[in-house]
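Q: Sharing a structure, written as structure tokens. Questions coming.
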């Protein structure tokens, strides 16, 4: 399970702060809890072989989670381009992650060897404005061999099956994705935005006669995204109650919006919070994204639980139903969308205290 020699020591960094020290030879770790990754669990003072092995496994798995391209449609072509084997074993993926410092577009954690003088600015993908040489491979599966070192590895960090690529255009990082439901994703994003819901803006673009969604990156060197899944791993289910109490309107908006646009694909990995990279403070619920299953079998969506949960939060939601731009909704679903809006609006109106005479 060792990476390199038995004496190899690695640091998990948060920007330029060392937050976890891992001795791969001994299985010992030193943890700075304040900025420790939410999705990493280790034992600081291991008492036996099993606990040390658990630490090594946790480190390898965490590193492996930083590169997710093996999930994607064109993973074989990406591997061929990089000259690496097609292998989703965590050890193999962790080696790849360490090669590229484990930096991603979603947060400010990364990894380096103890004796490395590399700084965050050297490996931050937000500082990396180089052209992405993997874009044509990631989006179209074009075969080829990289003729130089990979100095922009952002595409290695993206998970999910659909073809995707990060592209830097006019000062903004955009995620291009070949969606199975391009029109539905764009429609959900636009109609919710018109109602004042905080969403990632999606637009539809065509490249080589293929439709893609195009959406801007909502994280930066100042702000990280922490998924609900990672939060629960670190804090337990009680963290959901904390989020509900700290950000009640945003949470209610998310729940009601899920019902309005028929997003039955909302999972604990597709929503989360924004965190300040300076203080570590949770700033609020991240803009909503991941609308690939919206407006598909919309009329047939009869998930009783989603409807009932939305009804429970309708009174708290700050959604401007009157400003809904229905033109973004597929025409054959507009009546159903109007009904759902009227239904949630009626619940909110009924919950308002009666005005005194």
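In our numbering, the protein residues as written are 18 to 374.
Think of the CB as a built atom: it goes at the ideal place given N, C-alpha and C, for glycine as much as any other residue.
Note that the coordinates shown come from a computational prediction; the quantities given were computed from them, not determined experimentally.
I'd like to check one pair, residue 330 with residue 362: are the Cβ atoms closer than 7 Å?
A: In the chain shown, residue 362 corresponds to position 345, counting from 1. In the chain shown, residue 330 corresponds to position 313, counting from 1. No, the Cβ-Cβ distance between residue 362 and residue 330 is not below 7 Å.
Q: Bridge partners for residue 73 per DSSP, in chain order?
A: Within the chain shown, residue 73 is the residue found at index 56, counting from 1. BP columns for residue 73 are empty, so no partner.
Q: Quick one, which of 239, 276, 91, 260 has its alpha-carbon nearest residue 161's?
A: Numbered from its first residue, the chain shown carries residue 161 at position 144. When only C-alpha atoms are compared, the closest one is 91.
Q: Are the beta-carbon atoms belonging to residue 80 and residue 48 less than 7 Å from one another?
A: Residue numbering aside, residue 80 sits at position 63 when the chain shown is read from its first letter. Residue numbering aside, residue 48 sits at position 31 when the chain shown is read from its first letter. Result no, Cβ atoms of residue 80 and residue 48 do not sit closer than 7 Å.
Q: Confirm, please, whether the CB-CB distance from residue 28 to residue 38 is below 7 Å.
A: In the chain shown, the residue the question calls residue 38 occupies position 21. In the chain shown, the residue the question calls residue 28 occupies position 11. Yes, they are a contact pair.
Q: When you compare only the Cα positions, how much space is there between residue 41 and residue 26?
A: Translated into positions along the chain shown, residue 41 becomes position 24. Translated into positions along the chain shown, residue 26 becomes position 9. So the two alpha carbons sit approximately 6 Å from each other.
Q: Roughly how far, in whole angstroms, is the beta-carbon of residue 328 from the beta-carbon of residue 364, given that I think they are within contact range, below 8 Å?
A: Start at 1 with the first residue of the chain shown, and residue 328 comes out as number 311. Start at 1 with the first residue of the chain shown, and residue 364 comes out as number 347. Confirmed, Cβ separation roughly 6 Å.
Q: Do you know how far the Cα of residue 275 is from the Cα of residue 183?
A: To locate residue 183, count along the chain shown from 1; it is residue 166. To locate residue 275, count along the chain shown from 1; it is residue 258. When rounded, the distance between both Cα atoms is 26 Å.
Q: Using only CA atoms, which one of 135, 209, 238 lies nearest to residue 335?
A: Along the chain shown, read from residue 1 onward, the residue named residue 335 stands at position 318. Considering only alpha carbons, the answer is 209.
Q: Looking at the structure shown, is residue 238 part of a helix, part of a strand, or coil, going by DSSP?
A: Here residue 238 refers to the residue found at position 221 when the chain shown is read from its first residue. In the structure shown, residue 238 sits in coil (DSSP, three-state: anything other than H, G, I, E or B).
Q: Return yes when the Cβ of residue 72 is within less than 7 Å of the Cβ of residue 59, no when it is not.
A: Stepping through the chain shown from its first residue, residue 59 is reached at position 42. Stepping through the chain shown from its first residue, residue 72 is reached at position 55. In this structure, residue 72 lies closer than 7 Å to residue 59 by Cβ.
Q: For the putative contact between residue 17 and residue 216, defined by C-beta atoms under 8 Å, what is the C-beta separation to the nearest angstrom?
A: Outside the modelled stretch of the chain, which goes from 18 to 374, sits residue 17, for which no answer is possible.
Q: Counting only the same chain and skipping the five closest in sequence on each side, list residues whose C-beta sits under 7 Å from that of residue 212.
A: Stepping through the chain shown from its first residue, residue 212 is reached at position 195. 336, 337, 338, 340, 341.
Q: For residue 280, is the classification buried or exposed, using 16 other Cβ atoms within 10 angstroms of its Cβ as the cut-off for buried?
A: Along the chain shown, one-based indexing puts residue 280 at 263. Answer is buried; the Cβ neighbour count reaches 16.
Q: Which ranges would you report for the alpha helix (DSSP H) in the segment 74-141 if only whole runs of at least 4 residues count?
A: You should have 92-99, 107-116, 137-140.
Q: What's the C-alpha gap between residue 369 and residue 343?
A: Here the question's residue 369 lines up with position 352 in the chain shown. Here the question's residue 343 lines up with position 326 in the chain shown. Straight-line Cα distance between these residues: approximately 26 Å.
Q: Return helix, strand or coil for residue 59, following the three-state DSSP convention.
A: Numbered from its first residue, the chain shown carries residue 59 at position 42. Three-state result, residue 59: coil.
Q: In terms of residue numbering, what span does the alpha helix (DSSP H) encompassing residue 293 cover?
A: For the purposes of this step, residue 293 is taken as the residue at position 276 of the chain shown. No alpha helix (DSSP H) contains residue 293, which is instead part of the beta strand (DSSP E) from 289-293.
Q: Rounded to the nearest angstrom, what separates residue 278 and residue 271 at their Cα positions?
A: For the purposes of this step, residue 278 is taken as residue 261 along the chain shown, with counting starting at 1. For the purposes of this step, residue 271 is taken as residue 254 along the chain shown, with counting starting at 1. The straight-line gap from Cα to Cα measures roughly 11 Å.
Q: With residue 46 as the anchor, note down where its beta strand (DSSP E) starts and where it stops.
A: Working through the chain shown from its first residue, we reach residue 46 at position 29. Taken as a continuous stretch (DSSP letters only), the beta strand (DSSP E) holding residue 46 covers 46-48.
Q: Would you mind giving the Cβ-Cβ distance between residue 303 and residue 290, rounded to the nearest angstrom? I have them listed as a contact below 8 Å.
A: If you number the chain shown from 1, residue 303 lands on position 286. If you number the chain shown from 1, residue 290 lands on position 273. Confirmed, Cβ separation roughly 6 Å.
Q: Is the Cβ-Cβ distance between residue 122 and residue 105 less than 7 Å?
A: To locate residue 122, count along the chain shown from 1; it is residue 105. To locate residue 105, count along the chain shown from 1; it is residue 88. Cβ distance not < 7 Å, so residue 122 and residue 105 don't count as in contact.
Q: Determine which residues share a DSSP beta bridge with residue 297 and list them.
A: Taking the chain shown and counting its residues from 1, one reaches residue 297 at position 280. Partner(s): none; residue 297 has no beta bridge.
Q: Beta-carbon separation of residue 84 and residue 110 under 7 Å?
A: On the chain shown, residue 84 is found 67 positions in, with the first residue counted as 1. On the chain shown, residue 110 is found 93 positions in, with the first residue counted as 1. Cβ distance < 7 Å, so residue 84 and residue 110 count as in contact.
Q: For residue 136, count neighbouring C-beta atoms within 10 Å of its own C-beta (all shown protein chains included) and say buried if the count is 16 or more, exposed if not.
A: Reading the chain shown from its first residue, position 119 is the one you call residue 136. The residue in question, residue 136, is exposed, as its Cβ has fewer than 16 Cβ neighbours within 10 Å.
Q: Applying the 10 Å Cβ sphere with the 16-neighbour rule, what's the burial state of residue 175?
A: As a first step, residue 175 is located in the chain shown; it is residue number 158 there, counting from the start. By the neighbour-count rule (16 or more Cβ atoms within 10 Å), residue 175 is buried.
Q: What separation, rounded to the nearest whole angstrom, lies between the Cα atoms of residue 373 and residue 311?
A: Working through the chain shown from its first residue, we reach residue 373 at position 356. Working through the chain shown from its first residue, we reach residue 311 at position 294. Per-residue confidence for residue 373 stands at a pLDDT of 42, beneath the threshold of 50, marking its modelled position as unreliable; no derived number is given.
Q: Below 8 Å, how does it come out for the segment 225-239 and the segment 187-201: are there three or more Cβ pairs, yes or no?
A: Judged by Cβ distances under 8 Å, the segment 225-239 makes contact with the segment 187-201, as three or more pairs qualify.
Q: Examine the Cβ distances between the segment 235-246 and the segment 341-360 and report whether three or more of them are shorter than 8 Å.
A: The answer is no - the segment 341-360 does not touch the segment 235-246, with fewer than three Cβ pairs under 8 Å.
Q: Below 7 Å between beta carbons: does that hold for residue 140 and residue 118?
A: Here residue 140 refers to the residue found at position 123 of the chain shown. Here residue 118 refers to the residue found at position 101 of the chain shown. Yes, they are a contact pair.
Q: Count the other CB atoms, across all protein chains shown, that sit within 10 Å of the CB of residue 202; report buried if there are 16 or more and exposed otherwise.
A: Stepping through the chain shown from its first residue, residue 202 is reached at position 185. Residue 202 should be labelled buried.
Q: Who are the Cβ neighbours of residue 283 in its own chain at under 6 Å, not counting the five residues just before and after it?
A: Residue numbering aside, residue 283 sits at position 266 when the chain shown is read from its first letter. Excluding residues within five positions, the ones whose Cβ falls inside 6 Å are 275.
Q: Residues bridged to residue 150 by DSSP?
A: Counted from its first residue, the chain shown places residue 150 at position 133. According to DSSP, which records beta bridges pairwise, residue 150 is partnered with nothing at all.
Q: Return helix, strand or coil for residue 156, following the three-state DSSP convention.
A: Here residue 156 refers to the residue found at position 139 when the chain shown is read from its first residue. Reduced to three states, the DSSP call for residue 156 is helix.
Q: Looking only at DSSP bridge pairs, what is residue 182 linked to?
A: As a working mapping, residue 182 is identified with position 165 in the chain shown. DSSP lists 193 as partners of residue 182.
Q: In terms of alpha-carbon separation, which member of 35, 257, 75 lies closest to residue 133?
A: The residue you call residue 133 lines up with position 116 of the chain shown. Ranking the options by Cα distance to residue 133, first place goes to 35.
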